[in-house]
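In what follows, a structure is listed as structure tokens, so that the remarks can point back to it.
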Amino acid sequence: MNEEIPFFRDTWTEIDLDALYDNVKMIRNALPRNTHMLAAVKANAYGHGALQVGLEALRAGAHGLVVALLDEALWLRKHGIEAPILVLGAIRPSDAGVAARYNISVPVFQTDWLEEASRSMKDGDVLKVHIKCDTGMGRIGLRRADELKEVEKMVSASDKFLFEGIFTHFATADQQEECYYQQQLQKFKRFIDLLETVPTYIHAANSAAALCHHDSLFNTARIGIAIYGLSPSEERQFIPKTRQVLSWHTKIVHVKKLQAGECVGYGACYKAREEEWIATLPVGYADGWLRKLEGQRVIIEDEFAPIVGRICMDQTMIRLPRYFPVGTEVTLIGGRQDLFISVDDIAKKLDTINYEVTCSINFRVPRVFKRGKQAVEIENKLSTRFL
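Heads up: the sequence shown begins at 1 in UniProt numbering, then just goes up one per residue.
Listed below in structure tokens is the structure:
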């Protein structure tokens, strides 16, 4: 990056909009033509940048977007997104009018919520609702047939609500063993059969289900992790042709030569075995580059270099294979020359899942959105907040 870029640290992520577009297009084309594709951009698009990802996903053929929070939906609306937006998480009944006025769809699964929401809404407000069914995930949602009938009856009888959809979420669609998945699917089908009115959107499939279980598609699918070029599961690889969208880069800010026996980092836990070149990188666990990554390799030019010593809040040290000057670019996640570090590699080192890796990248790490090799937009929330 150069001095014209509007951020003031040598650490940033790059979001490949071409890869994102191709991923969405490929998945969209793999779904039946009459299936609505909703792109999941919750949690700042899994750390990738919600507005930019949302716009690109819609351009590539997504029908609408799904988020977790009303705040996320409102932010997208206020930044110009006009496509359908569904909030997946519970909202306060007192906020129902806000959602209605911004044409944001929300889940419903409690009669008390509907009564309170109706009282709080203004005359003329009409809230689009999706009945949420808990078929075995154990989070939010109604669980019994009588609950479904009562909720549908209340929604249909009120001029404050529009019954737009019904949905559930699978707990094990990404696993080889399918018994629990089938139990959830059959329970959801029984719920659908009980409806007096068939809504516009019927959806159960997440990325794993949509790509592996076409019997779960109904007429709408919610696609999240797959559009980012990442697999929903290590157990089943669903999307071999998609490309990883995010990469993470930094630059050397200091280089020193250690003698044998000299130490690096908190606890002096790394001791040079011989004369070694050590470089400091301006990235640390406050950025989401976590302490457990000690020993992880990074890429410098066409070589790997290991992290040495404990990762600090804001800085990381690496052992260089040879001398490199200050300013040399280092890749934490992504490819360089013929070398590649995947999000899954980092997840394995952290003993977690790829979702958590990208979601954990802090807002203070700028996002640079690129087409080809050209930066087309930069999201720098730190400068936006404090400069």
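We treat Cβ as the ideally placed atom computed from N, Cα and C, and that holds for glycine.
Mind checking whether residue 252 and residue 330 have CB atoms under 9 Å apart?
Stepping through the sequence shown from its first residue, residue 252 is reached at position 252. Stepping through the sequence shown from its first residue, residue 330 is reached at position 330. The Cβ-Cβ distance between residue 252 and residue 330 falls below 9 Å.
Taking buried to mean at least 16 other C-beta atoms within 10 Å of its own C-beta, is residue 197 buried or exposed?
Within the sequence shown, numbered from 1, the residue matching residue 197 stands at position 197. Burial call: exposed.
Determine the DSSP secondary structure at residue 169, reduced to helix, strand or coil.
On the sequence shown, position 169 is the one that residue 169 refers to. DSSP places residue 169 in coil when its eight states are reduced to three.
9 Å Cβ cutoff met for residue 64 and residue 39
Position 64 of the sequence shown, counted from the start, is the residue given in the question as residue 64. Position 39 of the sequence shown, counted from the start, is the residue given in the question as residue 39. Using a Cβ distance threshold of 9 Å, residue 64 and residue 39 count as a contacting pair.
Note the first and the last residue of the continuous beta strand (DSSP E) segment covering residue 255.
Reading the sequence shown from its first residue, position 255 is the one you call residue 255. That run of the beta strand (DSSP E) goes 254–258.
Taking its Cβ as the centre, do 16 or more other Cβ atoms sit within 10 Å of residue 386, making it buried, or is it exposed?
Sequence index remark: in the sequence shown, residue 386 carries index 386 (1-based). Confidence at residue 386 is low in this model, with a pLDDT of 43, below 50, so the placement of that residue is unreliable and no value is reported for it.
Rounded to the nearest angstrom, what separates residue 217 and residue 116 at their Cα positions?
As a working note, residue 217 is residue 217 in the sequence shown. As a working note, residue 116 is residue 116 in the sequence shown. Rounded to the nearest angstrom, the two C-alpha atoms are 33 Å apart.
Which listed residue (179, 146, 130, 347) has its alpha carbon closest to that of residue 164:
Sequence index remark: in the sequence shown, residue 164 carries index 164 (1-based). In this structure, 130 is the residue among 179, 146, 130, 347 with its C-alpha nearest to the C-alpha of residue 164.
Please tell me whether residue 282 and residue 302 are closer than 9 Å, where the distance is taken between their beta carbons.
Locating residue 282 in the sequence shown gives position 282, where the first residue counts as 1. Locating residue 302 in the sequence shown gives position 302, where the first residue counts as 1. It is not a contact, given that the beta carbons lie outside the stated cut-off.
Endpoints, alpha helix (DSSP H) assigned at residue 24:
Position 24 of the sequence shown holds residue 24. Where residue 24 is concerned, the enclosing alpha helix (DSSP H) stretches over 17–30.
If we count Cβ pairs, one from each stretch, closer than 8 Å, do we get three or more for the region 11–18 versus the region 362–372?
Under the three-pair Cβ rule at 8 Å, the region 11–18 counts as touching the region 362–372.
Which parts of the region 105–136 are runs of the alpha helix (DSSP H), unbroken and 4 residues or longer, counting only runs that do not cross its ends?
Positions of the alpha helix (DSSP H) runs, each at least 4 residues long and wholly inside the region 105–136, are given as 111–120 in order along the chain.
Look up residue 37 in the DSSP assignment and say whether it is helix, strand or coil.
Here residue 37 refers to the residue found at position 37 when the sequence shown is read from its first residue. Shown here, residue 37 sits in a strand according to DSSP, grouped into three states.
If you drop the 5 nearest sequence neighbours on each side, which residues of the same chain put their C-beta closer than 8 Å to that of residue 76?
As a working note, residue 76 is residue 76 in the sequence shown. Sequence-distant Cβ neighbours of residue 76 in its own chain, meaning closer than 8 Å and more than five residues away, are 41, 50, 51, 54, 65, 67, 85.
Looking at the strands, I want to know which residues DSSP matches up with residue 281.
For the purposes of this step, residue 281 is taken as residue 281 along the sequence shown, with counting starting at 1. In the DSSP output, where bridge partners are listed per residue, residue 281 has 316.
Decide if residue 201 is buried, meaning its Cβ has at least 16 other Cβ atoms within 10 Å, or exposed.
By 1-based counting over the sequence shown, the position of residue 201 is 201. Around the C-beta of residue 201, 16 or more other C-beta atoms lie within 10 Å, and the residue is accordingly described as buried.
Quick check on the DSSP output: the alpha helix (DSSP H) that includes residue 151 runs from which residue to which?
Numbered from its first residue, the sequence shown carries residue 151 at position 151. Where residue 151 is concerned, the enclosing alpha helix (DSSP H) stretches over 145–157.
Which one of 298, 9, 91 has the shortest CA to CA distance from residue 334?
Locating residue 334 in the sequence shown gives position 334, counting from the first residue. For the options 298, 9, 91, the alpha carbon positioned closest to that of residue 334 is the one of 298.
Helix, strand or coil for residue 75 per DSSP?
As a working note, residue 75 is residue 75 in the sequence shown. Secondary structure of residue 75 (DSSP, three-state): helix.
Looking at C-alpha atoms only, which residue of 17, 105, 8, 9 is the closest neighbour of residue 229?
Here residue 229 corresponds to residue number 229 of the sequence shown, with the count starting at 1. In terms of CA proximity to residue 229, 17 leads the group 17, 105, 8, 9.
Please identify the residue among 122, 25, 300, 207 whose C-alpha is closest to the C-alpha of residue 341.
Taking the first residue of the sequence shown as 1, we reach residue 341 at position 341. If you compare the alpha carbons of 122, 25, 300, 207 with that of residue 341, the shortest gap goes to 300.
Residue 107 vs residue 173 beta-carbon contact at 9 Å:
Taking the sequence shown and counting its residues from 1, the one referred to as residue 107 is at position 107. Taking the sequence shown and counting its residues from 1, the one referred to as residue 173 is at position 173. Contact flag unset, no.
Euclidean distance between Cα positions of residue 427 and residue 199
Only positions 1 to 387 of the chain appear in the structure, and residue 427 is not among them; the question remains open.
Output the distance between the C-alpha atoms of residue 378 and residue 6, rounded to the nearest integer angstrom.
By 1-based counting over the sequence shown, the position of residue 378 is 378. By 1-based counting over the sequence shown, the position of residue 6 is 6. One C-alpha to the other measures close to 8 Å.
What residues in its chain sit with their C-beta under 8 Å from that of residue 145, if we drop five residues either side in the sequence?
Residue 145 sits at position 145 when you count from the first residue of the sequence shown. Only 190, 191, 194 meet the Cβ criterion.
Helix, strand or coil for residue 200 per DSSP?
Position 200 of the sequence shown, counted from the first residue, corresponds to residue 200. The answer is coil: DSSP assigns residue 200 none of H, G, I, E or B.
Would you say residue 34 and residue 206 are within 9 Å of each other, going by their C-beta atoms?
Along the sequence shown, one-based indexing puts residue 34 at 34. Along the sequence shown, one-based indexing puts residue 206 at 206. Not closer than 9 Å, so no.
Beta-bridge pairing of residue 390 - partner residues as DSSP gives them
No answer is possible for residue 390: it lies beyond the span of the chain, which begins at 1 and ends at 387.
For residue 1 and residue 69, I'd like the C-alpha separation in whole angstroms.
The count along the sequence shown starts at 1 and reaches residue 1 at position 1. The count along the sequence shown starts at 1 and reaches residue 69 at position 69. In this predicted model, residue 1 has a pLDDT of only 48, less than 50, meaning its place in the structure is not dependable enough to derive any value.
Looking at the secondary structure, which residues open and close the beta strand (DSSP E) in which residue 309 lies?
Looking up residue 309 in the sequence shown gives position 309. In the DSSP assignment, residue 309 falls outside any beta strand (DSSP E) and carries neither an H nor an E.
With a threshold of 16 other CB atoms inside 10 Å of the CB of residue 153, please say whether the residue is buried or exposed.
As a first step, residue 153 must be located in the sequence shown, where it is residue number 153. That one is exposed.
Would you mind reading off the limits of the beta strand (DSSP E) that contains residue 373?
On the sequence shown, residue 373 is found 373 positions in, with the first residue counted as 1. In the DSSP annotation of this structure, residue 373 is not part of any beta strand (DSSP E), being labelled neither H nor E.
Secondary structure of residue 53, DSSP reduced to three states
Here residue 53 refers to the residue found at position 53 of the sequence shown. Here residue 53 sits in helix by DSSP.
Measuring straight from C-alpha to C-alpha, what distance separates residue 157 and residue 178?
Against the sequence shown, residue 157 aligns to sequence position 157. Against the sequence shown, residue 178 aligns to sequence position 178. Between residue 157 and residue 178, the C-alpha separation is close to 38 Å.
Are the CB atoms of residue 167 and residue 128 within a distance shorter than 9 Å?
Along the sequence shown, one-based indexing puts residue 128 at 128. Along the sequence shown, one-based indexing puts residue 167 at 167. Their beta carbons are not under 9 Å apart, which means residue 128 does not touch residue 167 by this criterion.
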